[in-house]
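**Q** Just so you know, we're using our numbering here: the sequence shown kicks off at 217 and counts up by one. A virtual CB, placed ideally from N, CA and C, is assigned to each residue, including glycine. As the structure is a computational prediction, the values presented were derived from the model and not from experiment. Below you will find the structure I want to go over with you.
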Amino acid sequence: MTLSRPITQAAGALRDKFREVRATSLALAAPLSAEDQCIQSMPDASPTKWHLAHTTWFFETVLLQPHAKGYQPFDPRFHYLFNSYYEALGPRHPRPHRGLLTRPSVDEVHAYRRHVDEAVIGLLEEEGERGEGGLDWAAIEPIVTLGLNHEQQHQELLLTDILHALSCNPLLPAYKPASGPALRLAAVPPAVRWLSRPGGLVEVGHAGADFSFDNETPRHQALVQPYAIADRLVNCGDYAQFIADGGYQRAELWLSDGWAAVQANGWRHPAYWLAPDDPRLGFGLQPQQHHQQQHASPQGAAAGWHVFGLNGVRPMEADAPVAQLSFYEAAAYAEWAGARLPTEFEWEAACDAPGIAQMTGHVWQWTRSSYDPYPGFRPMPGIAAEYNGKFMVGQLVLRGGSVATPAGHTRPSYRNFFPPAARWQFSGLRLAKDL
C-alpha cells in the first residue's frame with residue numbers, strides 16, 4: 217500500500233479530483249464489452265476505447281512531457297493514434313478511421329491510463345510539497361484543470377457515441393439495462409406557459425475566477441428585444457403531434473438545408489424513435505417490456521411509439537423532453553408551433569426567470585445563435601489555443617446541459633456547439649417568440 221505524501225490543500229484537492237474524474241471514465245466504459253469499445257458507427261463518433269486513450273494522451277502531451285522531469289511516454293506511437301485535432305502537434309490518425317484501431321487493445325489502453333495516472337499524481341504531489349506559490353504550480357494547475365474538464369466533455373461524448381453505435385445494431389442492445397420502474401408517465405403533459413422578458417442590455421458570459429472555457433468569455437453586454445420564452449422544454453407528446461400533422465412532409469416548415477437533409481437522409485422522426493410498425497421492436501423489447509407496453513402506453517399522437525436510449529427500448533414517455541433532434545428539426549418544429557428558437561443571449565438572460573423549468577439536466581437546447589467569438593475573445597494560451605476558436609464557423613450554439621452532462625458543465629454561460637444536422641446528441645428545444 218502506497219501512502220500519499222503530505223501536500224498542500226489545493227494540490228491534494230486537485231489530485232483527488234483527478235482520481236475521481238479518471239475513475240468515472242472507466243466506470244462509464246465498464247458495462248461495455250471489448251468489442252463494444254472498438255466500434256465506430258460514423259465519422260463524427262469515436263470508439264469508447266479511443267475516448268479513454270485520447271483523454272490520457274492529453275495529459276501526457278500537454279502536462280507530463282513539458283512539466284514532468286524524466287517522464288517517459290508509455291508508447292511514443294500513441295501520439296499519432298490519439299491526437300484529435302491539434303495541428304501544432306503534428307500528423308494524426310484520420311478521424312473517420314478510428315474504428316480500425318483494434319490495436320492497442322482495451323487492456324493496453326487501461327495500462328496506458330494507469331501509467332499516465334501514476335505520473336500525474338506523482339507530479340501533483342511533488343508540486344504540492346513545494347507549495348502553490350512557485351512557478352511550476354502556476355503552470356501546472358491550469359493544465360490539469362483544463363484536462364479534467366476536457367475529459368468530462370468526453371464522458372458525455374462516450375455515452376452519445378456508444379448509444380449511436382448500439383442503435384445501429386438490429387438487436388438494439390441496452391448500454392445498461394434499467395433497474396426498478398422503467399417508466400414515469402404523466403396523465404396529461406402540462407400546457408406551456410409563456411414567460412415574458414423585457415428587452416434591453418443583458419450581461420452574458422462567464423463571471424468569476426472559477427474555471428470556464430475561453431468561448432464563454434469575456435463577459436459583455438448583449439442587446440435583446442422584448443420576448444417570451446416557454447417555461448418548459450418541448451416534450452415527446454408535443455413532437456409526436458408535429459409528426460402526426462405531417463411535419464416531415466411539409467417543406468414550408470423547413471429551412472432549405474434542413475429540407476434537403478430530410479430528403480437525403482429519409483428523416484421521419486427523431487433519431488432513436490421507433491414507429492409502431494418498426495420491425496426492430498421485436499428484437500429490442502424484452503418480454504416484461506411487452507407487458508409494460510400494454511399497461512403504460514401513451515395515448516393520442518404518441519401512441520405506439522418507442523424510444524431507444526441508454527437503458528434500451530422503452531415505450532415513449534409523452535411528457536419526457538424530446539431528444540436526438542438536429543437544429544433543422546428543432547427549427548421546423550418551432551415554425552410549426554408558431555414560435556421560434558431563442559437566441560443564446562435570450563436563453564442565458566432567462567435562466568433566473570421566475571417559473572422557468574428544465575433549464576439544465578435534461579437535454580441540450582438548440583438556440584438560433586451561430587457559434588461565434590464574443591467581442592474581445594482571446595483563445596487559451598499555448599496548444600490549448602486550438603481548443604475552441606478554430607471551430608467558430610458553421611455551427612450553432614446549444615445551452616443547458618443534458619442528462620449525460622457531468623456536473624459543473626451546466627452553468628448558465630456554458631456554450632455547447634454542433635453542426636445543424638447533428639442529431640446523435642441529447643439535444644432538444646425550448647420555444648421562444650417575439651413580443
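Report back the beta-carbon spacing between residue 541 and residue 644 to the nearest angstrom; my notes put them in contact at under 8 angstroms.
**A** So it is a contact: roughly 6 angstroms between Cβ atoms.
**Q** Hey, could you find the ends of the beta strand (DSSP E) residue 268 is sitting in?
**A** No beta strand (DSSP E) contains residue 268, which is instead part of the alpha helix (DSSP H) from 264-274.
**Q** Given a cut-off of 8 angstroms on the beta-carbon distance, is the pair residue 327 and residue 294 in contact?
**A** Result no, Cβ atoms of residue 327 and residue 294 do not sit closer than 8 angstroms.
**Q** Go ahead and label residue 285 buried or exposed: buried means 16 or more other beta carbons lie within 10 angstroms of its beta carbon, across all protein chains shown.
**A** Residue 285 comes out exposed.
**Q** Does DSSP classify residue 531 as helix, strand or coil?
**A** It is a strand residue.
**Q** Would you kindly work out how many angstroms separate the C-alpha atoms of residue 533 and residue 437, rounded to a whole number?
**A** Rounded to whole angstroms, residue 533 to residue 437 spans 39 angstroms at the Cα level.
**Q** Given a cut-off of 8 angstroms on the beta-carbon distance, is the pair residue 411 and residue 617 in contact?
**A** Their beta carbons are not under 8 angstroms apart, which means residue 411 does not touch residue 617 by this criterion.
**Q** By Cβ distance, which residues of its chain are closer than 7 angstroms to residue 444, with the 5 residues on each side in sequence left out?
**A** These residues qualify, in order along the chain: 410, 411, 412, 413, 648, 649, 651.
**Q** Got a sec, what are the start and stop residues for the alpha helix (DSSP H) residue 234 sits in?
**A** Where residue 234 is concerned, the enclosing alpha helix (DSSP H) stretches over 225-245.
**Q** Any idea if residue 439 is buried or exposed, counting beta-carbon neighbours within 10 angstroms, 16 or more meaning buried?
**A** With fewer than 16 Cβ atoms within 10 Å of its Cβ, residue 439 is classed as exposed.
**Q** Of all the options 334, 586, 421, which has the alpha carbon lying nearest to the alpha carbon of residue 613?
**A** Comparing Cα positions, the closest option is 586.
**Q** Between 330, 460, 388, 476, which has its C-alpha nearest residue 498's C-alpha?
**A** Here the closest residue by C-alpha is 388.
**Q** At the level of alpha carbons, what is the spacing between residue 531 and residue 487?
**A** Roughly 15 angstroms between the two C-alpha positions.
**Q** Helix, strand or coil for residue 360? Go by DSSP, reduced to three states.
**A** DSSP places residue 360 in helix when its eight states are reduced to three.
**Q** Inspect the CB distances between the stretch 332-346 and the stretch 245-264 and report whether three or more fall short of 8 angstroms.
**A** With a cut-off of 8 angstroms, the stretch 245-264 and the stretch 332-346 do not count as touching, because too few Cβ pairs lie within range.
**Q** Does residue 294 come out as helix, strand or coil in the three-state DSSP assignment?
**A** If DSSP states are grouped into helix, strand and coil, residue 294 belongs with the helices.
**Q** So, under 8 angstroms CB-CB, residue 580 and residue 641 are touching, yes? Tell me the CB distance rounded to an integer number of Å.
**A** At roughly 6 angstroms, the Cβ-Cβ gap stays under 8 angstroms, so residue 580 and residue 641 are in contact.
**Q** Hey, out of 429, 352, 361, 239, whose CA is closest to residue 274's CA?
**A** Nearest of 429, 352, 361, 239 to residue 274, Cα basis: 361.
**Q** If you count every other CB in all the chains shown that lies within 10 Å of the CB of residue 225, and 16 or more means buried, which is it?
**A** Burial call: exposed.
**Q** Can you tell me whether residue 368 is helix, strand or coil according to DSSP?
**A** Of the three classes helix, strand and coil, the one that applies to residue 368 here is helix, per DSSP.
**Q** In the DSSP assignment, find the beta strand (DSSP E) that holds residue 581 and state where it starts and stops.
**A** Looking at the DSSP string, the run of the beta strand (DSSP E) that includes residue 581 is 580-586.
**Q** Return the CA-CA distance between residue 418 and residue 561, expressed in angstroms with no decimal places.
**A** Looking at the two C-alpha atoms, the distance is approximately 8 angstroms.
**Q** So does the stretch 359-375 actually touch the stretch 618-633, counting three or more Cβ pairs closer than 8 angstroms?
**A** Output reads yes: the stretch 618-633 touches the stretch 359-375.
**Q** Which of helix, strand or coil does DSSP assign to residue 493?
**A** Three-state DSSP puts residue 493 in coil, outside helix and strand.
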